[in-house]
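Novice: Have a look at this one.
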Amino acid sequence: MAWLLVLPLVLAWLVARRLLGERDTLAAASLVLPLGVTLTLLGVNGIYRVADLPQAVLGTLAVLTLLAGLVAVLGQAPTLRRPGLHPATVTFLVLAGLAIYLYTNSQQIANPDDDYWIHMPLQGLMLHGGFPPTNPFFSDVPMNGHYGRNLTLVTVAWLSGLDLPFVQVLMTDLCQLATFLLLFTTLRRQTGSQLQAVLGTAFVFFGINVGGRGGLLDTVQNNNAVVHLGLVLNMHLILRTWGGGEPESGLAGRVWSAVLGGLVLGGYAIVYETHFGLVILATLGTAAILVASRLWARTGEVASRAPLDGRALLLTGLLLVLATPLAVTQGGPLTELFQRKVLGRGEVDVAALSKGMLNQAQFVKIQVPKENLFQIRLEHGEYQRISFVYRTRTFLRRFYTPSPGRGYRPVWSWDVLKIHWLPLLAAPFSAWVLVRRGHASGLYLGVFGVIAFLTPALVDFGPIYESEYFRWQFAAGLGLAGALGLASGAVFEDFWRSHPGRLGSWQAEPDRITVLLAPRALAVAALVGLVWLETLTCSHFLWERVESLSARGQWLRGGWFLPETRSWLARHTVLDFHPADWEVARWLEKRVEPGQRMLMNFREESNFSILFESTFSGLSGARSVGHALPLDDEPVGTTPFHMAPPARAFWNSLEPSLLRGLGVDWLFLRQDQGEEDLSLRLAGLPGLRLAHRTRDERGGGRWLYRVDLPPLPVGPLVAEVSPVRLMEIRLPGNLRNGRGGRAQVVLRHDGAQPLSLRKGVLFYETVRQETGKRTAEVERVLQPLDLELAPGEVRTLEVPFVAPHEDGTYALEFFLGDSRKVHRLAGTARGFTMDFRPRMRALQVRSCESSDALKPGRLVRLRFTVENPLNRDFIARDGLLAAVVAVRPQDPPPSLAVAPLAPLGMEVPARSKVELEVFARLPEQPGTWRLDLVLALAEGGTAFLPGVELEIEP
Amino acid sequence: MNHGVLWAWILAAILGGGGLVTLWGGTHRWVSGLGLGSALVLAAFLLPGFSLDLARLAWGAPAALALLGLGTLGAAWRSGWPGPRLASRPLGLGSRLFVLLLAGGAWLAVVGAMHLDPGTPFLLEHAPMASQYGTLGDSASHPLGGGSASLPARLLGVLGGDPLFSAQVLAGLFQVLTLLALFTGLRHASVHPLAALLGVGAMLAGTPASWLVTTSLEQAMTHLLGAGLLALLMLGSGWLAGLLAAGLILALAPLDAGAAWSLGLLAGLAPWLPGGESSRRQRWIQSVLPLAALGSALGTLGFPRPGFEWSWWIVLFLPALGLAWRRKVRAALLLGGGEILVALLGEGLGAWVLGAGCVLTVAGELLGEAWEKARPGHWRLGWESGGLRLEAPRRSGVVLVLLWLVVVGLEPGEAAMNRQVLLAAHKLHLGLPELLRPIPLEAWVESRGSVRGLGPQDAVLARTLADRATPALVLTSGIQTEPLLPSAVIATLARRPLSGWIRLPDGAELEPAAELIRSQVRERAPRGERLLMLEPFPDIQPSGTRPAAPTGLQARWEGPAAPGRIAPIHLSLLPPPGQTLGYRVFRNGQPWGRFPVEGFEEGVALFPVPRTPGSYTLEFHQRPAGDPGGPGVPLGDGGLEPLVSDEPATLAALQARVEGLGSRIPSGSLVPFVLVLRNPTDLPVDLGRFGFLCLELDGEEVSPEEARGDLQPLLTSADQSPGVLLPCAEVRLRGLLPTPRIEGRFQGRPLLVDGAGIRLPLDLELDFQTWRRLTPAREG
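Chains as they are written, first to last, in our numbering: chain U, 9 to 962; chain B, 33 to 812.
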């Protein structure tokens, strides 16, 4: 069905030609992909809410075909004309297009996206009926964020039959090129100047220079390509609605532009809600400036000036009126906001949600004006603290100053200004030039940039999104870069026209060479200098890319050609995805049903461990469950890589009944060679049927089980007190965060009547005393049970217990019930403290010696004497890693343990010492070093124990 | 006498030719100058057939050359000193200062480098041999010497004095003379002094492998001979130039085969390059003589290997060569042709050294021309009607280009010298004056010897040894294999032979009697302590004439006899009172070691099994105890089976496998595993000599340190050092795989490393993939 993909493009061409009245071939062609993508997304998003994906896609195509037919029959196309571009402009378009394709393609081949972990499974679930989207790892958490790009990719993948990663690379390439072309044609059409269009486009793609980003060239990850495509399309249609430009649009074309603009802008809300708001504000702001400019200047001679008369304002109103209802009914955050605030539906107590939940659900808290007015909260990470231009090998390197610390800074402080480069620093110049000229496209971009710059300084976005200031800064840089390009082009053209003649001359004599540079030449030099300064960062990125491709000899496979997904996945070791996994995922994809859930023995070493599941889920369409929400003290953006208590309890005990609480349909087991023990233990368990099995190239295996166990419904919690009383809780000893064990619960039936609970459920919740944070629903360990208790009978039950991930003091509450209702058990409350990490940090190194010669760069055995000053034993027989960090005695204590980690087991009784043998890599320089012992727990948590000084011989 | 030789040499170098020489009807332009003269003298020393034993005649060659130089000087004087080509422009003060600066750099680079570390060949071979020669007038019998083929040693031996001081002076001098020879040649073969200045600068410092970066006397000798040959080719006319070139090629052949191949062929080709002035007959002679010399040296040359490396010089080289061909710039053509030959055959001579010289010689000629055409002028900048007016004097343009060329052309060599010498010296708090000054070996041992495991105590031992005449043995306690270097250096300092070593083609080994002594002190003394054993051996000469009488001696091996270990031998015969038993060792039927092994207890003899491969037999004898001079009574081999030792083959045959290492392991970690080694041969092997395990890594983005691998203690699973691995047995060793910080797929190659740093690669490749382990960060 891949050929069906042509239908939206045909409609887009017809719309551009017959409704908008576009005469220029290149301009009409540049609208094809953006319009095709946007209109298809609009349709699919609308229909998918009430139907399945095939119906949504085919229905949309049917509507689009019908519309195309109507447009073809009823509309009239003006005569086509050639673009008539200067050869230099053609050269720029070709070379820049090649650079954009090379960078976009090679970037995607080289690295998965930053937010691959969530987009990939989201796409996979959407492709298999998961719509409206919910968080791919927490089915109960709806996604309140942008998903338009994901749905676009899903549509293309379904129609083409291609796999999602391949489609993503392909569509990102196409979107980047289409954005580039559309931006050029938009600016050229609006200004009538090829030079201004070239400079405006070049500065947006190669000269934004905000933080670690150079321009749209290198901003291809995640949603960006589709976001910027939509942004430029919105700008194009709005400017078209206002009229002006070359060739002048007729009234009909402007009306259709307004209608289309309304549809596109309304649909844009599900692509990127922040930019949706920015586009509206930029439209209103630019219109106001243009009106004021028109009234003030009373002229309209400048080609780039839009005749923003009353008709144009009416059409703008039409555009916004069309967009608004669409945006609030399309889904996504605006719909959610509208339903919550206006219709009063789905009210959520946002204040009660944990940070992890806020992040996963993409809830935004908004406060205007913010308390720290005109300040933004800067965060760690050099990429968002200083423009990369200060790190290029130029004179600018002298101005490079690292930005330590975090916190609120005024937007006019150097801390904020240095995130940007010329587009912001030269903004007054751009404004002066553009306002004087009433330059519609330049002002639009400029206003967009200024509003983006000021928004985070005026609005408080809550604890999570207040830290995400960088996206606003980049948007500001984008708009201001475009404005600077257009302004400098306009000034240059004026100067060029007012200074006719030659560029200069030269004369060679025996003793000297005389060069005469005309003002024109100086202007050219100034413009070249400006372009050079603006494109320093992107030139660096491009050169670096070319160098790395050359060094690896991968020009074709690594730069120009689209990769085959199977090998692409295998090559990215961070994904940990092997051909055997690919085989299983493809097998499962053919059998998975919408909404099916899967549990796997996933790794949880770090933030990146989740990428395997993201890939598997994205390819198979099965939702991977068993994750804990990110912890409160983890940085924003941390993935939910920790295992949730119910999953931990299952993998510890392998009790199939625990799978009922997780509601899983599939169980996926990955095992390396020599670790087949788990699969043997799973064999023959009730409710599990081996559905598929394969071996990997290293001798390991993949086991996929179908789970046929009834779900375990849990009724609502009622206030009524349970007749069953909690007498005693015996927890496992030596509690470690996130680890499981068996707890014993002693119950007594205090009721007068015998208790008979069939298909019941017992679970516990922990309540952290410091914050009041309670176990989330998805993190409950549901223990099914049938309970018969006579009055007064005492029963001891053994239940799985998993310690909380976070340190602190906890109260433990137990609940008993069934599918109708759940009671909290009264009785003895059991408190416990999670202090394994603090106890580890309390250890002290008393001495350190080595029997090996201490020579630079060697691995040696060091014997540490470690003392436990506390009254409790410290026992870590497994899951503990140790590293020895060498520090010069005069240097401050290290904050990072940049040293190899090795497993270590230790048991230090209370108030006593033990000797530990730890391998250490000695530094390359001889001399006196202090060797600090760093202990790191597998479940997270480190201790930096100051060591003793040793002499390393030369 | 040696000083006489030295002065004769200097005289010859200074007067080494000049003017025109008419011999046998032909007129020859011969070069004046220190460089070429010295190169010729050096060649005379190094020509095949010259022997240290002929040292009394050694002064003859330089003296003859000096006389020749004086003769030509006189001839030139009488004929009005026709001198070099008159087309050359005079040399200005700036040029002279530039040459002086280069000469200073050349001296500093090599003298400073040898000050930091004279290098293994010097310490093990050149210095001991030269020292012995200086003392005994003989070096061939020295157990630590490198034999008569060692040319630097031969030179140092003739000169005498402190070997390190002499080597530094000679190397520094040779480097300066190399500069002068090249400069002289380029100066005479080009019109503008700039060409010579830039050309010689580029050759000395234009690339990281340029001739400025010289760390040994051997390299300096090669450079001087090569520079002399190039200078001859640039100047030479007539058959005398061909003859001299042949001599230089013969001298180069044993020093550097690549240089001999490439420069020899260049000498054959040179007469036919554009710009030559000789007649056709002369060209044939000039061409054939060097080729004949090259052919006669084929036996020592070996197979040539290419010396091409990618460099940005190639971008400039090809156009420069084309320009040189078109304009017939002979010097540049010679250097360019030489570069091509180096790329094809001359590994070792330094990639792009000649190419860089070619490029900058051409550039120098062009700039010189441009300078001469240009007249003085002034800079002017001003605004005139119609625009900005800039007047730039042409000469300033030339100067700017010249400065740029000097900076760009000399930067790589300067950076390399900085890194190798100045920065290294700075780390050791060594000042520039000290670096410039040659240092005696004893002072080096005391101050800098720690880089080679030496120290002041070794100088003390050497002084003690110098006063004794009897055989002595130097041992280092607590290590598996006795290092040769301390013995060699102490012998050099004491100017005395050391006993107990057997010289091998590629090293040396303690002879059995010495090894047995060492085995007895190894455990007693603290690790690393140096021991000087005076009179350690009964110095008796083997008679070898009296047949073994049937004595009833029965001997048999009592345990594993692994190379490097002490193998016990059970003897059925106890010596009568007042008599002692001993044996001598024969390897493949030839005596192995000078001294007998004696002093057994309780009927058990001990045999230190040599590491040198071979079949060893023992011949027992009996002699009166306390009578070191007596030859003793031969007892035959006692029926003891010959012992085959072949450690290299046994080690190479070791089978290795890894256990406990998963296929997916964490990055930035030390991942434990078990390395199982199996000995499939029927010979035991001693793994105890290997103190370390190392894993070299390979893979994308592996850092050089990770690729090199870290040394880690080699221990068995039981936390013991591994010992003898018996035939068909296996041992389980503990290992840690240090994984790179980045994630990816990598390959690891395990190696066993001994105390001397010798690496034994095992026949095993680990292929593993890492997952990204985050670096632990301090919390709170």
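Think of the CB as a built atom: it goes at the ideal place given N, C-alpha and C, for glycine as much as any other residue. Bear in mind the structure is a predicted one, so any value in this text is a computation, not a measurement.
Answer with buried or exposed for B/Leu709, where buried requires no fewer than 16 other C-beta atoms within 10 angstroms of its C-beta.
Specialist: By the 10 Å Cβ count, B/Leu709 comes out buried.
Novice: So, for B/Leu86: in the same chain, excluding its five sequence neighbours on each side, which residues have a beta-carbon less than 7 Å away from its beta-carbon?
Specialist: Because the pLDDT at B/Leu86 is just 43, under 50, the model does not fix this residue reliably, and the point stays unresolved.
Novice: Since U/Leu690 and U/Tyr713 are thought to touch, with beta carbons under 8 Å apart, how far apart are those beta carbons, to the nearest angstrom?
Specialist: The pair is a contact, with the Cβ atoms about 7 Å apart (cut-off 8 Å).
Novice: Does the separation of the CB atoms of U/Thr187 and U/His236 fall below 8 Å?
Specialist: Yes. Within cutoff.
Novice: Between B/Trp109 and chain U, is any beta-carbon pair separated by less than 8 Å?
Specialist: With a pLDDT of 46 at B/Trp109, under the threshold of 50, the modelled position of that residue is not reliable, and no figure is offered here.
Novice: Applying a beta-carbon distance threshold of less than 8 Å, which residues of chain B neighbour U/Gly561?
Specialist: In chain order: nothing, as chain B lies at least about 12 Å away.
Novice: May I ask which residues mark the beginning and end of the alpha helix (DSSP H) holding B/Gly136?
Specialist: Looking at the DSSP string, the run of the alpha helix (DSSP H) that includes B/Gly136 is Leu125 to Leu148.
Novice: Assuming B/Gln752 and B/Pro529 make a contact with CB atoms under 8 Å, what is their CB distance in whole Å?
Specialist: Actually they do not touch by this definition, with Cβ atoms about 39 Å apart.
Novice: Mind checking who B/Gly560 pairs with in its DSSP beta bridge?
Specialist: Paired residue(s): none; B/Gly560 is not in a bridge.
Novice: Which bits of chain B does U/Asp860 rub up against, with CB to CB less than 8 Å?
Specialist: Under the 8 Å cutoff, chain B gives Pro745.
Novice: Just to confirm the assignment, what range does the alpha helix (DSSP H) spanning U/Trp480 have?
Specialist: That run of the alpha helix (DSSP H) goes Phe478 to Ser506.
Novice: Near U/Ala80, which residues of its chain fall below 6 Å by C-beta distance, leaving aside the five closest residues on each side in sequence?
Specialist: The answer, listed in chain order, is Leu22.
Novice: Going by the DSSP bridge assignment, what does U/Asn819 pair with across the sheet?
Specialist: Reading off the sequence, residue 819 of chain U comes out as Ala, not Asn. Its beta-bridge partners are U/Val775 and U/Gly839.
Novice: Can you tell me whether U/Ser395 is buried or exposed, with buried defined as 16 or more other CB within 10 angstroms of its CB?
Specialist: Burial call: buried.
Novice: Pick from U/Leu298, U/Ala884, U/Pro62 and U/Val536: whose alpha carbon is nearest that of U/Met914?
Specialist: For U/Met914, the nearest C-alpha among the options comes from U/Ala884.
Novice: Using C-beta distances below 6 Å, list every residue in its chain close to U/Leu524, excluding the 5 sequence neighbours before and after it, in chain order.
Specialist: Here the set comprises Gly512 and Ser513.
Novice: Would you mind stating whether U/Val706 and U/Gln679 have Cβ atoms separated by less than 8 Å?
Specialist: For clarity, residue 706 of chain U is Arg in the given sequence; the question names Val instead. Not a contact, by the Cβ cut-off of 8 Å.
Novice: Skipping 5 residues on each side, what residues in its chain have a beta carbon closer than 6 Å to that of U/Ala434?
Specialist: Leu492, listed in sequence order.
Novice: Output the distance between the C-alpha atoms of B/Phe778 and B/Asp799, rounded to the nearest integer angstrom.
Specialist: Going from the Cα of B/Phe778 to the Cα of B/Asp799 covers about 6 Å.
Novice: Quick check: what's the CA-CA separation for U/Leu326 versus U/Ala260?
Specialist: Each residue's Cα considered, the two are about 14 Å apart.
Novice: Locate the beta strand (DSSP E) running through B/Ile601, then write down its first and last residues.
Specialist: Per DSSP, B/Ile601 belongs to the beta strand (DSSP E) from Ile598 to Leu603.
Novice: Could you tell me whether the Cβ atoms of B/Arg513 and B/Asp786 are closer together than 8 Å?
Specialist: What sits at residue 513 of chain B in the sequence shown is Thr, not Arg. Their beta carbons are under 8 Å apart, which means B/Thr513 touches B/Asp786 by this criterion.
Novice: Report the rounded CA-to-CA distance for B/Val143 versus B/Asn450, giving the unit in angstroms.
Specialist: Cα-Cα distance, rounded: 14 Å.
Novice: Can you name, in chain order, every residue of its own chain whose Cβ lies under 7 Å from the Cβ of B/Leu757, other than the five neighbours on each side?
Specialist: Excluding sequence neighbours, B/Leu757 sits near Leu709, Asn711, Pro716, Val717, Leu719 and Val763.
Novice: Can you grab the Cα-Cα spacing for the pair B/Gly179 / U/Arg871, in whole Å?
Specialist: Summary for B/Gly179: the model assigns pLDDT 48, below 50, so the residue's position carries little reliability; its value from the coordinates is reported in the next sentence. One C-alpha to the other measures close to 49 Å.
Novice: In or out: U/Tyr452 buried (at least 16 other Cβ within 10 Å) or exposed?
Specialist: U/Tyr452 is buried by the Cβ-count criterion.
Novice: Name the DSSP bridge partner or partners of B/Pro745?
Specialist: Looking at the DSSP assignment, B/Pro745 forms a beta bridge with B/Phe724.
Novice: Here's the rule: buried if 16 or more other CB atoms are within 10 angstroms of the residue's CB, otherwise exposed. What is U/Phe610?
Specialist: It counts as buried.
Novice: Starting from U/Ile384, trace the alpha helix (DSSP H) in both directions and tell me its first and last residue.
Specialist: Not the alpha helix (DSSP H): U/Ile384 falls in the beta strand (DSSP E), residues Gln383 to Leu386.
Novice: Would you mind giving the Cβ-Cβ distance between U/Ala905 and U/Thr950, rounded to the nearest angstrom? I have them listed as a contact below 8 Å.
Specialist: About 7 Å separates the two Cβ atoms, so the contact holds.
Novice: Can you give me, in chain order, the residues of the stretch 511–523 of chain U that have a beta carbon less than 7 Å from any beta carbon in chain B?
Specialist: Against chain B - using a Cβ distance shorter than 7 Å - the residues of the stretch 511–523 of chain U are Gly512, Pro518, Asp519, Arg520, Ile521, Thr522 and Val523.
Novice: Spatial neighbours of U/Thr623 within its chain, please: CB distance less than 7 Å, with the 5 preceding and 5 following residues excluded, ordered by chain position.
Specialist: Same-chain partners within the cutoff: Met128, Leu577, Leu583 and Phe585.
Novice: With DSSP collapsed to three states, give me the class of U/Gln791.
Specialist: Correct three-state label for U/Gln791: strand.
Novice: In three-state DSSP terms, what is B/Thr612?
Specialist: The answer is strand: DSSP assigns B/Thr612 an E or B state.
Novice: Using the Cα positions of U/Gln63 and U/Val162, report the straight-line distance between them to the nearest angstrom.
Specialist: Each residue's alpha carbon lies about 13 Å from the other.
Novice: Which of the three DSSP states is assigned to U/His831 in this structure?
Specialist: U/His831: strand per DSSP, three-state reduction.
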